[in-house]
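In what follows, a single structure is set out as structure tokens and then discussed.
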Amino acid sequence: MQQQWICRLCSDKMKKQQLPARAISNKLEVCQTPCELKRLNNLEKHLIALRLPFMKIVNLTSGKLSSRLAQKGTKGPLHCVPSDVQETVTTLPRPVDKSMMVRLQLKRRLKYKAIWEEQLINPTDVRHALLILTKINPAYNNIKIKEIDQSYLTSDQQNNDQTNTDSAIEIMHVDIFEKENLPKEIALSEENHIKSLALGDINNNDNSDEEIDEDNNDARTKYNIGTDSCIQPCDYHDFILFEKEPSIVAPAEKNKLSSLLTDKTVEALAFPHLFPDGKGSFDEERKIKIKWKEYCKTRLFSSDSRFAADSSYIFFLQYLGDLKQVYSGINIAFRKKLPINAKHTLDDMQMKFLMNKDMIYRHFQCVRGSPQYWHKRLKDLFAMTRQLGFPTFFLTLSCADLRWKEFNDTFVRHTGAPIKESYTFEEKTKLLRANSVLAARLFEKRFMTFMNFFIKSGASCLGKVNDWFARIEMQLRGSPHSHMPIWVENAPKYIGLQTDEKTRLEIVIFCDEYITTRSPSIEEDPELHNIIKEVQTQSRNHSKSCLKYHKTMCRFGFPRPVARRTFICEPIKPTNDEEKEHCKEIKKILTEMNAKMNLLEKEKVLVWADFDNLLIKYNWTYDDYEHALCLAPTRTIMIHKREPNARWVNQYNEEILRAWNANMDIQFVLDPYACAKYLMSYTTKPEREMSLLLEATHKECREGNMTVREEMKKLTGTFFNHRQVSVQEAIYRATKMPLTYSSRGFVFIPAHSNSCKFLKPHNILKEMDPDDQNIYMSNLADKYFDRPNDPEFDICVRSFSPVPFYSFLLHKNKPSIHTTKKAQSLHSLYLSLPPVGSIS
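For the sequence shown, the numbering used here gives the first residue as 1030, with consecutive numbering after it.
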């Protein structure tokens, strides 16, 4: 008998003889997709939808990745508008035969220049799909459309031959454009020329961030036409005909927006190809109520891959989930106030006065990925730093989903195709694009397995790791990677200029043990050589991202300075004009040396003799060189031992690099203040622009004298209008996959006597006496003061806070009395607690 598996959630529910909320029998079953709906492309699916989900979907190109191979993302809000399906389908061009393809443009309004979607469609397939829906979906009962028979096609063929014999229809010709590289003469001064040489090749990568897609001129690629198959000939001109002007439709032009929160049928009507019979959506009445997070997991993690394969549906779930959280946060914000009476709570002007600048943004705190959400996670990190001290290492692990063969094998196995020994780059990108949900789950599993069985286990590749905190961030191309500070037991600590020589030596030895920059030859170590060459070596052609802040200086510091030993580089600041001029001359010499080494490494592999010759040329000793390096930085940094042939190799840990098999970065934390700034910049960098936009909107609302609720709604609109989310980030946020990990739990203790409390529900406040001051719900401080008068509860608030809801229930039948002695010097506490790992 074959072994069967069941998840822990269902197992616990079944042991209690309860129906799990995520059970298919809980009205979550969807019917099989008819073959008429399976063959539709994206535009054809939108033509038969009774609700059109308007969203801007973009291709997240990065580097030399073509747009047609890139992962998808979305920008701005999502709007659902009722669509006149019957009128739209009946106005489509009459087909000459069943294989005729029509070039169609879909717009929000006909007068708009912007095209929301353009694609080739088959009118016959659209009609067939709509006919099926009228038979199986009750929402389409009122739609009347004639079936296409042979006489219809014959009549249309005759009419077409008579009226369009000469020029009404023409065959689409594919033009091939050749780009001419015109030489550009740029006059550079000698100083600028040296700076450009010191930086590396900066003029050979003008299109690194935005490569011209030559396939966009090919009809097969532009309009998603498959060719040379069992049902399509190689010569697509045989059956694809185009009118001189494309057909334009605007099915939702005359209709108003549908409310995503109140329209209970929006999900099934916007995605009829996923819910053919209109049943199984979230808003359907069920015996066991299911939460939104659990519903998203049921749909995206299901063995039925139709939901996970539709990126538009993923963005819909993520957007609707965030919208629910925001409006829930607004309602909670109006119940969270300082001590006032019931009369004040019903006065809008009084509420506006109480809602200070910080609290007006609090309703975003529950929205994963918002600036306020990350600000709260940052407080968690600061709580760890306050109690554990500053971390030892800052580790970054990138995602190499196109490199890891087990990922590609899993993608192929998921489709049922045979596994190959190797895959082409185009095959890998297409597999990744078609399996976004699987890719996100595989990365999460790989990351957690790596942390549990390698970093935190007895491998001791970084020493004994006691604590760690990780944040999952999305790269520009849409894939996740992690940033994490790590606390290592008995690691030496740098305390600034007061650090004694013995501790400095211990830090250097400690860094040399766990961090290296060596670049072995292929004969010495073939495996490590290939990994470093493919994932750990910085490109010599600087991208626009490298030159983001300085046109002639790489913001990542490449190429890195060579050094015969590892040492702590403390900056030397000039104190007078003479020293400043001397410092300027030294920096100029360093730039010239860097430029000459860049020229030399184009011809040969650099060795120490080449570096020594440059020192002799400038009449420097090696000690003079190390002194010069201390004049360049503005903060204390660690200069790692680095050979001349490893100037473009980022520092790494050899054991981690071999095991992770992807790009990594590791740094020893030297400056506590720089560490805090570094952690903050990496924890909140995607949300800086959003914070500025929210600040500007807040200022505008204050000048416009809006009510608090109106201002919150306007801030919500600003947040959703300027958001940008990749498909994998949408999966993380919709299904509540962890965006942060921690070895510790956290609790905030509002121990101040005038702490913020939650108001009672609004309907209860209306029934109360206007002068009644008993308007608050009990908080942690109230529970602590009302704790049972037993010896086991003779504890401080810090010890009581993690378990008030467990031990308190054991004594709920006992008479509770107020403690006679209240703490007089309590302040708000933000503590990191010793329980096992925490995720959020």
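Virtual Cβ for every residue (Gly too), placed ideally from N, Cα, C.
Treat the numbers as computed from the prediction; the structure is a model and nothing was measured.
CB V1059 to CB L1303, shorter than 9 Å?
Here residue 1059 refers to the residue found at position 30 of the sequence shown. Here residue 1303 refers to the residue found at position 274 of the sequence shown. Cβ atoms of V1059 and L1303: closer than 9 Å.
Per-residue DSSP class, three states only, for F1483:
Taking the first residue of the sequence shown as 1, we reach residue 1483 at position 454. F1483 falls in the helix class under three-state DSSP.
Sub-9 Å separation of A1338 and S1112 beta-carbons:
As a working mapping, residue 1338 is identified with position 309 in the sequence shown. As a working mapping, residue 1112 is identified with position 83 in the sequence shown. No, the pair does not count as a contact, with Cβ atoms beyond the cut-off.
Hey, how far is the Cα of E1882 from the Cα of L1346?
One cannot answer for residue 1882 here, as it falls past the ends of the chain, which runs 1030 to 1869.
When DSSP labels each residue in this structure, what does I1618 get in the three-state scheme?
Position 589 of the sequence shown, counted from the start, is the residue given in the question as residue 1618. Of the three classes helix, strand and coil, the one that applies to I1618 here is helix, per DSSP.
So which of R1547, N1284, R1506 and Q1757 has the shortest CA-CA distance to M1766?
Looking up residue 1766 in the sequence shown gives position 737. Checked all of R1547, N1284, R1506 and Q1757; the closest Cα to M1766 is Q1757.
Mind reading off the beta-carbon distance from F1393 to G1350? Whole number of angstroms is fine, and I expect it under 8 Å.
Taking the sequence shown and counting its residues from 1, the one referred to as residue 1393 is at position 364. Taking the sequence shown and counting its residues from 1, the one referred to as residue 1350 is at position 321. Not really, about 14 Å apart at Cβ, beyond 8 Å.
For D1694, write down the residues that DSSP places opposite it in a beta bridge.
Here the question's residue 1694 lines up with position 665 in the sequence shown. In the DSSP output, where bridge partners are listed per residue, D1694 has T1425.
Do you know offhand how far Y1342's Cα is from I1551's?
Stepping through the sequence shown from its first residue, residue 1342 is reached at position 313. Stepping through the sequence shown from its first residue, residue 1551 is reached at position 522. In a straight line, the C-alpha of Y1342 is about 47 Å away from that of I1551.
Mark C1325 as exposed unless 16 or more other C-beta atoms lie within 10 angstroms of its C-beta, in which case mark it buried.
Taking the sequence shown and counting its residues from 1, the one referred to as residue 1325 is at position 296. Answer is buried; the Cβ neighbour count reaches 16.
Determine the closest residue to L1629 out of E1599, R1589 and N1674, with distance taken between C-alpha atoms.
Stepping through the sequence shown from its first residue, residue 1629 is reached at position 600. Cα-wise, what sits closest to L1629 is N1674.
Quick one: Cα of E1435 to Cα of R1687, how far?
Within the sequence shown, numbered from 1, the residue matching residue 1435 stands at position 406. Within the sequence shown, numbered from 1, the residue matching residue 1687 stands at position 658. E1435 and R1687: Cα-Cα distance of roughly 15 Å.
Let me know the alpha helix (DSSP H) ranges lying completely inside the stretch 1068 to 1146, each 4 residues or longer, listed in chain order.
1071 to 1076 and 1114 to 1119
Quick one: using the 10 Å Cβ neighbour count with 16 as the cut-off for buried, is V1494 buried or exposed?
Walking along the sequence shown from the start, residue 1494 turns up at place 465. Burial call: buried.
Counting Cβ pairs, one atom from each stretch, are 3 or more of them under 8 Å apart for the stretch 1486 to 1493 and the stretch 1462 to 1472?
no
Contact set for E1518: own chain, Cβ-Cβ below 7 Å, skip 5 residues either direction
Here residue 1518 refers to the residue found at position 489 of the sequence shown. Taken in chain order, the residues that qualify are G1492, K1493 and N1495.
As assigned by DSSP and simplified to three states, the class of R1671
Translated into positions along the sequence shown, residue 1671 becomes position 642. It is a strand residue.
Check H1751 in the structure and name its three-state DSSP category.
Translated into positions along the sequence shown, residue 1751 becomes position 722. DSSP places H1751 in coil when its eight states are reduced to three.
Once DSSP output is grouped into helix, strand and coil, what is the label at V1634?
Working through the sequence shown from its first residue, we reach residue 1634 at position 605. Three-state result, V1634: coil.
So, with DSSP's three-state summary, where would you put S1511?
In the sequence shown, counting from the first residue as 1, residue 1511 sits at position 482. Three-state result, S1511: strand.
What do you get for I1077, buried or exposed, if any count of 16 or more other CB atoms within 10 angstroms of its CB means buried?
Taking the sequence shown and counting its residues from 1, one reaches residue 1077 at position 48. Buried, because 16 or more other Cβ atoms sit within 10 Å of the Cβ of I1077.
What's the call for V1355, buried or exposed, on a 16-neighbour Cβ count within 10 Å?
Here residue 1355 corresponds to residue number 326 of the sequence shown, with the count starting at 1. V1355 is buried by the Cβ-count criterion.
Is it right to say E1608 is buried, meaning 16 or more other beta carbons lie within 10 angstroms of its own, or is it exposed?
Within the sequence shown, residue 1608 is the residue found at index 579, counting from 1. Classification for E1608: exposed.
Between F1300, T1294, S1511 and S1095, which lies nearest to D983 when the distance is taken from Cα to Cα?
This structure leaves residue 983 out entirely; the chain is present only between 1030 and 1869.
Here's a check: name, in chain order, each residue in its chain whose Cβ is nearer than 6 Å to the Cβ of I1666, leaving out the five neighbours to either side.
The residue given as residue 1666 occupies position 637 in the sequence shown. These residues qualify, in order along the chain: C1598.
Inter-residue Cα distance where the pair is I1053 and I1319:
Stepping through the sequence shown from its first residue, residue 1053 is reached at position 24. Stepping through the sequence shown from its first residue, residue 1319 is reached at position 290. If you take the alpha carbons of I1053 and I1319, they lie about 12 Å apart.
Boundaries (first-last residue) of the beta strand (DSSP E) holding F1498:
Position 469 of the sequence shown, counted from the first residue, corresponds to residue 1498. That run of the beta strand (DSSP E) goes V1494 to M1503.
Taking DSSP's pairing of strands, which residues face T1566 in a bridge?
Along the sequence shown, one-based indexing puts residue 1566 at 537. In the DSSP output, where bridge partners are listed per residue, T1566 has V1678.
For W1134, which option in I1277, L1329 and Q1033 has the closest C-alpha, if you only look at C-alpha atoms?
Sequence index remark: in the sequence shown, residue 1134 carries index 105 (1-based). In the sequence as presented, Trp is not what sits at residue 1134; that position holds Gln. Cα-wise, what sits closest to Q1134 is I1277.
Figure out for me which residue from V1776, A1759 and S1568 has the closest Cα to the Cα of D1768.
Numbered from its first residue, the sequence shown carries residue 1768 at position 739. Note on identity: in this sequence residue 1768 is Leu, with Asp being the wrong assignment. The shortest Cα separation from L1768 among V1776, A1759 and S1568 belongs to A1759.
For V1118, count neighbouring C-beta atoms within 10 Å of its own C-beta (all shown protein chains included) and say buried if the count is 16 or more, exposed if not.
Residue 1118 sits at position 89 when you count from the first residue of the sequence shown. When all chains shown are included, V1118 counts as buried.
Whether or not the stretch 1690 to 1699 and the stretch 1653 to 1669 are in contact is what I'm after, with contact meaning three or more pairs of Cβ atoms, one per stretch, closer than 8 Å; do they touch?
yes
Provide the residue(s) that pair with K1459 in DSSP beta bridges, ordered along the chain.
Sequence index remark: in the sequence shown, residue 1459 carries index 430 (1-based). None, per the DSSP bridge assignment.
In its own chain, which residues sit with a C-beta less than 6 Å from the C-beta of T1163, not counting the 5 before and 5 after it?
For the purposes of this step, residue 1163 is taken as residue 134 along the sequence shown, with counting starting at 1. Correct list, in chain order: Y1169 and I1172.
Using 10 angstroms around the beta-carbon of M1043, count the other beta-carbons present and answer buried if the total reaches 16, otherwise exposed.
If you number the sequence shown from 1, residue 1043 lands on position 14. The residue is exposed, with fewer than 16 neighbouring Cβ atoms inside 10 Å.
Could you tell me if I1035 is buried or exposed, where buried requires 16 or more neighbouring beta carbons within 10 angstroms of its beta carbon?
For the purposes of this step, residue 1035 is taken as residue 6 along the sequence shown, with counting starting at 1. Answer is exposed; the Cβ neighbour count stays below 16.
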